[in-house]
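Chemist: For the record, the sequence lines run as chains A and B.
Residues in the first sequence are numbered from 42 upward in steps of one, following the numbering used here.
Residues in the second sequence are numbered from 42 upward in steps of one, following the numbering used here.
Idealized CB from N, CA, C, for every residue including glycine.
Provided herewith is a single structure, encoded as structure tokens, for subsequent inquiry.
2 protein chains.
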Amino acid sequence: MTPINIQQKFTKFSKNWHPHQIAIVDDMQVILAKLKGEFVWHSHEHEDELFQVVKGTLYMQFRDKTEIVKAGELIVVPKGVEHNPCTKDDEEVHVLLFEKLSTAHTGNVKHEKTQTHYPKI
Amino acid sequence: MTPINIQQKFTKFSKNWHPHQIAIVDDMQVILAKLKGEFVWHSHEHEDELFQVVKGTLYMQFRDKTEIVKAGELIVVPKGVEHNPCTKDDEEVHVLLFEKLSTAHTGNVKHEKTQTHYPKI
Chain A
42 MTPINIQQKF
52 TKFSKNWHPH
62 QIAIVDDMQV
72 ILAKLKGEFV
82 WHSHEHEDEL
92 FQVVKGTLYM
102 QFRDKTEIVK
112 AGELIVVPKG
122 VEHNPCTKDD
132 EEVHVLLFEK
142 LSTAHTGNVK
152 HEKTQTHYPK
162 I
Chain B
42 MTPINIQQKF
52 TKFSKNWHPH
62 QIAIVDDMQV
72 ILAKLKGEFV
82 WHSHEHEDEL
92 FQVVKGTLYM
102 QFRDKTEIVK
112 AGELIVVPKG
122 VEHNPCTKDD
132 EEVHVLLFEK
142 LSTAHTGNVK
152 HEKTQTHYPK
162 I
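Okay, structure coming up:
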């Protein structure tokens with residue numbers, strides 16, 4: 042029940058594509074991540090996933106289109122939908138995610154970028 | 042799967058203490074509200090509730106203390122904990138909430154401020 046400062050939490054880690062957990066709400070978690078470049082095509086069979094962009098511009102690639110999500114915007118990726126977040130021009134994009142605690146980082150895919158543990162900060 | 046601009050959504054309603062739904066993530070919803078003055082003491086027996094402050098300063102009163110939550114900060118009110126959000130100096134505070142679809146506006150309390158329907162915007 043202590044206020045959590047989002048900007049301050051972003052100073053606590055630097056690696057790209059490494060989610061860090063800042064809060065839990067029932068069976069969901071709030072995580073922060075710094076994205077740069079391209080991630081991995083994947084989907085989450087059973088979980089929706091919300092991306093709120095805090096800094097920069099996120100290019101959320103779907104198989105049939107790319108949605109541009111700017112700072113102050115959010116997008117919900119429905120369960121089962123293949124997606125691949127990426128950023129352009131070497132920009133580091135800061136995002137806050139809401140998702141089930143059970144959500145696997147790269148869903149059904151195993152990749153060198155896959156993280157299985159999200160440190161609490 | 043369309044990006045949602047949070048500021049733009051806030052222009053779509055004006056009444057204080059009237060939550061509006063902007064997204065659903067699994068069995069949880071993202072709602073926006075404009076708060077001014079004092080709300081109502083209540084708790085949610087079965088649901089946690091996340092408040093992210095987008096504009097202004099929220100004073101989250103608990104029975105034993107008040108937490109000050111500024112723009113760019115968030116606070117999670119655990120299930121069962123009595124709380125009463127308020128603002129000071131007639132400030133209108135904008136918040137984004139993340140909570141179960143089942144969460145009742147004023148929990149176990151009925152009050153003239155209680156809303157039972159959150160319009161989708």
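Whose C-beta lies closer than 6 Å to the C-beta of G148 of chain A among residues of the same chain, with five residues either side of it excluded?
Modeler: H83, S84 and H85
Chemist: At a Cβ cut of 8 Å, what residues of the stretch 71–90 of chain B count as close to chain A, listed as they run along the chain?
Modeler: Considering only beta carbons, the part of the stretch 71–90 of chain B lying closer than 8 Å to chain A consists of V71, E88, D89 and E90, in chain order.
Chemist: What residues in its chain sit with their C-beta under 6 Å from that of T128 of chain B, if we drop five residues either side in the sequence?
Modeler: L76, K77 and V134
Chemist: Quick one: is G97 of chain B near chain A, going by C-beta distance under 8 Å?
Modeler: no
Chemist: Under 8 Å between C-beta atoms, does D130 of chain A make it to chain B?
Modeler: No, no contact with chain B.
Chemist: Check each residue of the stretch 101–122 of chain A: if its Cβ is closer than 9 Å to any Cβ of chain B, include it; give the result in chain order.
Modeler: If you check each beta-carbon in the stretch 101–122 of chain A against every beta-carbon of chain B, the ones closer than 9 Å belong to M101, F103, K106, E108, I109, V110, K111, G113, E114, L115, I116, V117, V118, P119, K120 and V122.
Chemist: Count the C-beta pairs between the stretch 147–162 of chain A and the stretch 93–105 of chain A that are closer than 8 Å, then say yes if the count reaches three, no if not.
Modeler: No, because fewer than three Cβ pairs between the stretch 147–162 of chain A and the stretch 93–105 of chain A fall closer than 8 Å, the two stretches do not touch.
Chemist: Between the Cα of K141 of chain A and those of A:I109, A:Q70, A:F80 and A:K56, spot the shortest distance and give me the residue it belongs to.
Modeler: A:Q70
Chemist: For P126 of chain B, which residues does DSSP report across the bridge?
Modeler: Beta-bridge pairing links P126 of chain B to B:M101.
Chemist: Measuring CB atoms only, is the stretch 57–64 of chain B touching the stretch 118–125 of chain A, in the sense that at least three cross pairs come out at less than 8 Å?
Modeler: no
Chemist: Quick one, which residues of the stretch 135–160 of chain B are near chain A if we go by CB-CB under 9 Å, in chain order?
Modeler: Residues of the stretch 135–160 of chain B that bring their beta carbon within less than 9 Å of a beta carbon in chain A comprise L137, F139, E140 and K141, in sequence order.
Chemist: Please list, in chain order, the chain A residues whose beta carbon lies closer than 9 Å to that of Q62 of chain B.
Modeler: Chain A residues near Q62 of chain B: none, gap ~12 Å exceeds 9 Å.
Chemist: Between I47 of chain B and chain A, is the shortest Cβ-Cβ distance under 8 Å, so that the two count as touching?
Modeler: Taking Cβ atoms only, chain A reaches closer than 8 Å to I47 of chain B, which makes this a yes.
Chemist: Give the range of the alpha helix (DSSP H) segment to which K141 of chain A is assigned.
Modeler: It is not in any alpha helix (DSSP H) - K141 of chain A instead sits in the beta strand (DSSP E) that spans V134 to K141.
Chemist: For N46 of chain B, tell me which candidate among B:L137, B:D130, B:G97 and B:V66 has the shortest Cα-Cα distance.
Modeler: B:L137
Chemist: Got a sec? Which residues, its chain only, sit under 6 Å from E132 of chain B by beta carbon, not counting five neighbours each side?
Modeler: Close CB contacts of E132 of chain B within its chain, under the 6 Å cut and outside five residues either way in sequence, are with G97 (chain order).
Chemist: Could you check what DSSP says for I72 of chain A in three-state terms: helix, strand or coil?
Modeler: strand
Chemist: Just to make sure I have the definition right: I need the residues of chain B whose C-beta is within less than 7 Å of the C-beta of T52 of chain A. Which are they?
Modeler: Under the 7 Å cutoff, chain B gives no residues; its nearest Cβ is about 13 Å from T52 of chain A.
Chemist: Apart from the five residues on each side of it in sequence, which residues of its chain come closer than 6 Å, Cβ to Cβ, to E90 of chain B?
Modeler: V118 and E140
Chemist: Spatial neighbours of K19 of chain A within its chain, please: C-beta separation below 6 Å, excluding the five flanking residues on both sides.
Modeler: This structure cannot speak to residue 19 of chain A, because chain A is shown only from 42 to 162.
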